[in-house]
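In our numbering, the protein residues as written are 118 to 285. The C-beta atom is built at its ideal place from N, Cα and C for all residues, glycine as well. None of these values were measured; they are calculated from a predicted model. Note sheet for the following structure.
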């Protein structure tokens with residue numbers, strides 16, 4: 118009897134450890150995101166205002182103070198955040214579509230690229246603490262097709278945060 122209980126407990130433990138939760142989304146599984154607005158920031162990350170109604174997630178259980186700046190961005194994008202515990206961090210940038218709501222506020226800047234793909238720009242184990250990194254978007258995207266809206270995802274083992282940017 119004890120062996121049966123021990124075996125059943127071990128089986129339940131193994132099944133529950135391999136189970137993924139529904140709220141962990143991989144960017145490759147997402148459809149082309151819709152940008153409803155952007156948070157406008159300067160080159161130091163200072164808030165200057167908003168265009169439209171931004172649909173962003175900047176705070177999670179393992180990461181806070183997610184800042185993506187400047188926004189709009191010309192080519193150099195900076196990303197900063199605080200990580201509460203050591204672990205893997207992935208950063209993806211994916212082209213997005215603009216919603217009708219902000220088309221009236223900003224015209225002529227919808228993505229020229231209508232493909233649905235994600236570009237992994239960073240994947241590394243990071244220690245707990247504050248992190249700032251810089252990316253040259255010209256290294257990841259064709260400069261002729263760079264103008265438009267993008268969603269930047271910052272993912273950890275168990276959560277996904279994002280912000281929307283406008284590349285000009």
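The beta strand (DSSP E) enclosing residue 204, as first and last residue numbers: 204-212
Just the Cα atoms here: how many angstroms apart are residue 109 and residue 245? There is simply no residue 109 to check, as the chain begins at 118 and stops at 285 in what is shown.
Evaluate residue 141 with the Cβ neighbour count: other Cβ atoms within 10 Å of its Cβ, from every protein chain shown; 16 or more gives buried, anything less gives exposed. Any reading at residue 141 must be qualified, since the residue scores a pLDDT of 35, below 50, and its modelled position is unreliable; the value itself is stated next. So residue 141 counts as exposed.
Report yes or no: do the stretch 167-178 and the stretch 205-214 share at least 3 C-beta pairs separated by less than 8 angstroms? no
Excluding sequence positions up to five away, which residues of its chain have a Cβ less than 6 angstroms from the Cβ of residue 172? 153
Below 6 angstroms CB to CB, which residues in the same chain sit around residue 280 once its five sequence neighbours on both sides are set aside? 173, 185 and 269
What are the start and end residues of the beta strand (DSSP E) that includes residue 282? 277-284
Among all the DSSP beta bridges, which residues are the ones paired with residue 158? 164 and 188
Is residue 240 helix, strand or coil when you go by DSSP? strand
Under 8 angstroms between C-beta atoms of residue 188 and residue 282: yes
Write down the C-beta distance between residue 274 and residue 205 rounded to the nearest angstrom, noting that I regard them as a contact closer than 8 angstroms. 6 angstroms
Whole-angstrom distance between residue 190 and residue 258, CA atom to CA atom: 13 angstroms
List the endpoints of the continuous beta strand (DSSP E) containing residue 194. 193-200
Grab me the residues of residue 178's own chain with a C-beta within less than 7 angstroms of its C-beta, minus the 5 sequence neighbours each way, in chain order. 276
Cα separation between residue 237 and residue 272? 11 angstroms
Residue 203 versus residue 176 - alpha carbon distance: 17 angstroms
Please state whether DSSP places residue 176 in a helix, a strand or coil. coil
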